Structure formats: structure tokens, C-alpha cells
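Respectively, the protein sequence lines represent chains A and B.
Per this note's numbering, residue -7 is the first one in the first sequence, and the count goes up by one each step.
Per this note's numbering, residue -7 is the first one in the second sequence, and the count goes up by one each step.
Backbone N, C-alpha and C fix where the C-beta goes; we use that ideal spot for every residue, glycine too.
The structure displayed is predicted, hence computed values, not measured ones.
To start, the structure under review is shown below, and the notes come after it.
There are 2 protein chains.
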Amino acid sequence: MFKVNDNYLKLPGSYLFSTIGKKVRAYQEANPDKEIIRLGIGDVTQPLAPAIIDRLHEAVSEMGVQETFKGYAPDLGYEFLRSAIVKNDYNARGVDIAIDEVFVSDGAKCDSGNIQEIFSLDNKIAVCDPVYPVYVDSNVMAGRTGTYDATTGLWSDVIYMPCKEENGFAPELPEETPDIIYLCFPNNPTGATITKDQLQKWVDYANEKHAVIIYDAAYEAYISEPDVPHTIYECDGAKTCAIELRSFSKNAGFTGTRLGFTVIPKELKSADGVALNPLWARRHGTKYNGAPYIVQAAGEAVYSEAGKKQTGEQIAYYMKNAKYIFDGLKSAGYSVSGGVNAPYIWLKTPDGMSSWEFFDYLLEKANVVGTPGSGFGPSGEGYFRLTAFGTYENTVKAIDRLKAL
Amino acid sequence: MFKVNDNYLKLPGSYLFSTIGKKVRAYQEANPDKEIIRLGIGDVTQPLAPAIIDRLHEAVSEMGVQETFKGYAPDLGYEFLRSAIVKNDYNARGVDIAIDEVFVSDGAKCDSGNIQEIFSLDNKIAVCDPVYPVYVDSNVMAGRTGTYDATTGLWSDVIYMPCKEENGFAPELPEETPDIIYLCFPNNPTGATITKDQLQKWVDYANEKHAVIIYDAAYEAYISEPDVPHTIYECDGAKTCAIELRSFSKNAGFTGTRLGFTVIPKELKSADGVALNPLWARRHGTKYNGAPYIVQAAGEAVYSEAGKKQTGEQIAYYMKNAKYIFDGLKSAGYSVSGGVNAPYIWLKTPDGMSSWEFFDYLLEKANVVGTPGSGFGPSGEGYFRLTAFGTYENTVKAIDRLKAL
């Protein structure tokens, strides 16, 4: 008689973006004449850059010819892509990462959901609050989070690090010592960042406590200020305490193309000396079969001269949106943050509205979709996220509608 | 102080195909002049069919234009693909499966590794012996298998169902009642199949015991005999006890393109009434982000008239290889099975050699790579797997070398 994984049943409601999707569909069905502008989910809208498209066509043609056809990919990803990653994302920043410390995957969402598997169930996690829901939910599903308090919206066995206006949306070192610390900078959802000096404190703390930092750097390409680290390995000692997650979704528009990678340095070991790199390699070898060859080839093209130039232009395009949103909301009297090193703008809801009240208000009055801050955790209540990933025209239209309210 | 998932450390040695890869590389390096023929890993060699390549090019072009660019895919997969699956793989065989019972993924290996997550850790699994290693290893990693006995090669908390010459490589109903039963037909590694009447007995047994069958039908396209079921849902009552895993790897050459799907009927519920379909949907929504749009478009092309014809020809090509291997080994005095409804030929090693002894013997004397039966479980000891996925020329050459030994 089979039994289900009861931990799944503890999850309150459905995944945030599924809920938003349902609400928007319902509104659109009831109001088919309204033109809804979506600045909610962090999905890109610019097409893949020409250099990427060209390489994709080439790779597709290779797959149609016996001599160049590719079957199963190497366990950790094609060397051509891992070399390009090492060279451009690490060596170019003075960081020494080896090719076999890079694990290519089909995206940072999968990696951030799966990475907890290589840790013991009795490890305690610490997360920022608000936070990208996948970090917490994947730990709930594994049974690492205790019980849920529907009143507070908190799990009994999770250490929350509130990120609010008062602390500049930067987490403080927790009072209770965690085993696994999730950090995401530039941050989703708040758009906040921390400096290299601030991150160094986290690295020192993790090394002192023998905790592991899972560092999500999916928005690294949006950094515009000089003292913000692009990789956690810019900090001294990070290789003995940090795993880094990266994505091609936001820097190159791969949300529908699917590519990411995880870095696990060989020096990263538990207190009793078990290295994490071979554990993750074993997971890759046993439960995963690689990203498609054509997609890995496209990933390599992101690092070509033309690829870098073209994707850089796309980022500039989105950051122009970010500035329009930020400035527009500011001028309309909103309290706003983010948007400078990240494609997310984080605003305080007006008149004490709850996040979901403001969601409904914006959907109904301005036909603009954003993301309720409370969907990212209790400390997100009273906040709201807008993304810069729309088209410029729609972004301008949406903000102008907001200002007119 | 973080701790690792100790279950990973229980895994004996590395993943079978990694070990084979290492042995072959070492031999090739020591003997650079030898021409090695690989009939080991089940990887295809024929290029993607023209209808698939054409659709891939089209989809790539769509990704380069704003109006047709695709970001995040729908949680469960694009409806165009799920419709094609329902229509061709199920409705055409008189089976009624709904679109929201189909979950598109990046392949059956991931799905067969991940599916155990939605079940309780105290469920007991039953597997065929020999078996595709992922079923067991993914349960080891989750902590469901007890302790490993290095002498017998068996896990204390796994129910093994030996498949040997004596029972025609078909498992018998186990004495101890399992909660989760893994079945794969046509079988990897033995190439054996069971009839619809035989499978019906398993379905009846599972319903009686309230066990769940995880039915891996990745090799369905190779079925040539009329009384062999193409889907478990051809059996009465299968919807209340069976999950089906399917793949595009072997029927359309997608090993390096990555696409598969899982079917979970809505009727499938635990004894206390928890439906599995929404649990798997939740896993998809939380820990996965969909197969690439271009790959899903390619998957749809597999079901086009041209796609069906062309992939059918590829299967016929591989099955011609299978026949050559089967007949050749038979004429050389080997005891052989499989190869009629599956691309795998299963042979008894000669002269009481162990599986790995025969692997080394074949690699060194004939420069042919196969897969040791013992790598699939203790009852595979003394057996050896050859695949029909090589080119015809190489297959002929390999078998002629074997016959000349």
C-alpha cells in the first residue's frame, strides 16, 4: 500500500506564479476588451540575439547529419561551454575555477530546487524574507522545514532573515546558526544588492560556522555599480563555503531555451571531510541527462564577441525600463528601491494596502500585473514587485497608467 | 555546521556507464591504433529525421523574432505537444488520457529518477533484477533502500524480482508485498517483453495490494509483435495503479535533444485518497521550468506524417541491426534473447566468464564495447547486453569480429 510524501501536503496553496496566472486569466476572460500589461513574472520579452540564433541554426543542422550528430551529452556539460564559462565568468574577474567545478544544467530553478538533495535532512536552512519561493518550497518538499504557521506564514524550522526598508533590504547575520544559507544577489524579488565587503562578512561567517552558502547569482549581468561582486568567489575563502548558481535566462533571454550552471569548488567539504563536488556529480550522473546539445551550443554563442555585444544591448534595454519604472513611481510618490543593479523594482504599497489588495487594485484599475511581495514571504507584505522585462512601449504605458491612478 | 546526505555515500562505486566510459578511454589511450566499436550505452547514432530538423529550424527562427519569441513554457508542457501525445500515443490505441494527465519533461531518465520524490520514504520498492540502475540508485539517494550487502550486491529494503533464462526474463509476482513496483517493457537491459495478459496480472495485483506501478515504456516504438502492449493503460484498471514514463530518445533519436513525458491519471490515488497527479504537478511547478520550446516543437514534429514515416525508418534500421546481432550470436553458439521487440540483445557469457570478464575480453580481443549484465544487478551476472543503436556497418563489423573469436 503506497503512501505519498506527506511533506508535499504541507505546502500552503499553489506556486505563486500559478496563482497569479489564474487570477489574470480570470480577469481577462471577464474583461476581454482590456489590454493587460504583464510586469509580474520575471520573464523576458526580447527575442534571442542574432549571434545566438545563428549558432542555434548551425547546431540544428549538425544534428541532421550523421557525422556531426550528437547523442547523450557529457555528464557535466560540453567542455566547450564549460571552458567559455570558466574563462568569461570567472577567469576574467580574476577568479580561478576549474572546468570540473562547473556543472551545466537546464536552468537555475532546477538547480536551486535540487541542490538541497545533497544535504542531510536535519540541516537547518536560513533564507532572506522575502525570498524566491523555490528555496523554501523545495526544502518543504524534502521535509526540512518543520510545521507551517498559517497566521505568521513562517515555518518552524527555517531561520528567516528579514529584508526591509530599515536594513536597506540586506539580511543581517542570523542569531541562530544555520547550516545552509541561501543568498541571492542582485536580489529577487527586492532588486537589492550588497557590496563585496558586505558579502565578505557572510563568507567569513559561513567559514567560521562551517555553514554552506547557496549563492544565486542569476541576475549578475544587471550589476551596474563597481563595488557589487559579480561572483561570490571574488570574496576570500568563498571556495570552502559557497556554491554558486547561475542562469542564462536573464542575461541572454533563455527563459524558454533553458540553460544554467552550478559551481561547486573542490575545496568545499563538510566538517567531517565529505566533498560536495563529487556528490553533485553523482546526482548529475544518476538523475539527469544533460542540457540539449543545441542549447549548450547556443550558450557558448552568448560568450562570443557578437553575443556579448548583443546581449549587453538587451540588458541595457531592460535597464532603461527599470529606470523608467523607478523614476515614474518615485515621481508619483511611491517609496521605491531596486532597479539599479537588478531588473526588479520593489515598491511599498500605498495607503497600507496589503500586497494582494494592491495586486487586485492594479489589475482592475490599471490592467497592470505585478507580483505581490507577500508571495515571497511575510516580510514582503506591504511590498510589490515590478519587473523591467516588458517591452519599453508597454513599460511606459503601464507606468503612465499607474501615475494616472 | 552542514552535513551531507549520507545516503549518497552508500552508493557503491560510480554510475555504470561512467565506469564503462573510463575503461574504454583507458584502453583507447593505451591502444590508439585500435578501432573500437561501441555497442554498450544505449545511445542512438542516426541523425535527427528531416521533418524534425525542419521544425527545429522553424522554431529557432521563431525565437529570433519578438512576435513569436517564447519565454517560460507552460508548467506541464505546451498544449500542442501534449495534444499530439494524447492523440497518437493513447487515443490511437483506444486509450482515453486527458491532456492534463501528461507532463512533458526533458527525458525519462530525469522522470524515473525524480518520480520517487512524491512517495513516502517508508514505501518499499520492488525492481526487476537486472534493472536500469536509475530506479534503484535514485531510491538509494532518497534513503529508501536500507543497507547494501557488497557480497550479494543487494539492498536490504528492496524487493528483487529476478529475471533469468528460467522465467523467460519476465518477473514473477513477489512474495513480499511492495508499495512501488518498477516495470520496464520492452525491457532494458534484457530486451524481453511481456504480453498484455501478463501485464494485466500485474495491474490486477497492484490494484489488489494498492501498490503503484511505475511503468517505463521508453522502448515502446520497438514492439513488433501484436500481443505486446504499447502502453500499460491498455490494461483494465491501470489508471488507478500506474504511472507511465515515455521518452523521445529511442523512437526519434532525442538522446542529445532531451524530451520525454510522464502520464499520471487523475484516478490514481493513495489508499487514504491523495491523488498523485497534483503532487507531480506541484513538483513540476516548483522544481522544474519546462523543456525548451524548440525541443517541444521538435517533439510535435515526431508525430507529423513525415515525422512518423522517417522515425519509423530509423527504428527499422536499428531493428535490422538487432536481427544481425541476434542471428550472428546464435550462429556462433551463444545463448541469446531480446532483439525482437527491443533494441537490446541479451546474451549469456561463454565458458562461465563473469560479465566484467567478458567485457574486458570483448574490449581487448574484438575492440567491441558492450555492457556487463552484472552492472544492472546481481541476476545480470553472467549476462551481457549489446545494443542495436550502432551504424549497420559497425554492427556487422563488430559481430563478425565476435564470430571470429
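Sequence-distant Cβ neighbours of B:Gly369 in its own chain, meaning closer than 6 Å and more than five residues away, are Asp121, Pro122, Val123. Sixteen is the threshold: when 16 or more other Cβ atoms of the shown chains lie within 10 Å of the Cβ of B:Phe161, as they do, the residue is buried. Going by DSSP, A:Val195 is part of the alpha helix (DSSP H) stretching over 188 to 201.
The C-beta separation of A:Thr363 from A:Gly99 comes to about 19 Å, leaving the pair out of contact by the 8 Å criterion.
In chain order, Gln58, Phe61 make up the part of chain B whose C-beta sits under 8 Å from the C-beta of A:Gln38. At a beta-carbon threshold of 8 Å, none of the residues of chain B lie near A:Tyr353; the nearest stands roughly 25 Å away. Under the Cβ criterion of 9 Å, B:Met345 is not counted among the residues facing chain A. At least one C-beta of chain A is nearer than 9 Å to the C-beta of B:Leu48. A Cβ-Cβ separation of about 7 Å places B:Leu355 in contact with B:Val16 under the 8 Å criterion. The continuous alpha helix (DSSP H) containing A:Phe350 extends over residues 347 to 357. Where B:Thr254 is concerned, the enclosing beta strand (DSSP E) starts and stops at 252 to 255. Those residues of the segment 170 to 198 of chain A placed with their C-beta closer than 7 Å to a C-beta in chain B are Asp171, Ile172, ordered along the chain. Pairing B:Tyr70 with B:Ala244 gives a Cβ-Cβ distance that is not under 9 Å.
Leaving aside the five residues that flank A:Ala198 on each side, the residues in its chain whose CB is nearer than 8 Å to its CB run, in chain order, Ile173, Val204, Ile205, Cys233, Ala234.
Assigned with DSSP and collapsed to three states, A:Lys(-5) falls in coil, not helix or strand.
For the options B:Leu271, B:Trp348, B:Tyr295, the alpha carbon positioned closest to that of B:Pro42 is the one of B:Tyr295.
Only those residues of the segment 197 to 211 of chain B whose C-beta falls short of 8 Å from the nearest C-beta of chain A are listed: Lys201, His202, Ala203, Val204. In the DSSP assignment, B:Phe376 falls within the unbroken beta strand (DSSP E) covering 375 to 379. Apart from sequence neighbours up to five positions away, the residues of its chain that approach B:Gly299 with a beta-carbon distance below 7 Å are Ala41, Ala43, Ile44, Ala293, ordered along the chain. In this structure B:Gln108 is buried. Its beta-carbon is surrounded by 16 or more other beta-carbon atoms within 10 angstroms.
Going by beta carbons, A:Ile110 and B:Tyr0 fall inside the 9 Å limit.
Of all residues in the segment 11 to 33 of chain B, those with a C-beta nearer than 8 Å to a C-beta of chain A are Ile33, reading in chain order. Chain A has a Cβ within less than 9 Å of the Cβ of B:Asp129.
Residue contact with chain A for B:Pro364: absent (no Cβ-Cβ distance below 9 Å to any residue of chain A).
The Cβ neighbour count for A:Phe318, taken over all protein chains shown within 10 Å, is at least 16; the residue is labelled buried. In the structure shown, the three-state DSSP call for B:Leu113 is coil. Pairing B:Tyr280 with A:Thr303, the inter-Cα distance amounts to about 25 Å.
With respect to chain B, the C-beta atom of A:Pro257 has no partner C-beta closer than 9 Å. Within the segment 91 to 103 of chain A, contact with chain B at the beta-carbon level (separation under 8 Å) is assigned to Asp98, Gly99, Lys101, Cys102. A straight line joining the alpha-carbon of B:Ala314 with that of B:Arg377 spans about 12 Å. With its beta carbon at least 9 Å from every one in chain A, B:Asp319 lies outside the interface. Within chain A, the residues placing a beta-carbon under 7 Å from that of B:Asn115 are Phe(-6), Lys(-5), ordered along the chain.
Here B:Ile337 has Gly183, Ala314, Ile317, Phe318, Leu321, Val328, Ser329, Gly330, Gly331, Arg377, Leu378, Thr379, Ala380 as same chain residues with Cβ atoms under 8 Å from its own Cβ, once five neighbours each way along the sequence are excluded. Within the same chain, and ignoring the five residues on either side of A:Leu237 in sequence, the residues whose Cβ sits closer than 6 Å to its Cβ are Ala100, Asp103, Ser104, Asp208, Thr254.
Interface annotation, B:Thr144: not in contact with chain A, CB-CB separation never under 9 Å. Per DSSP, reduced to three states, the secondary structure at A:Cys155 is coil, with no helix or strand assignment.
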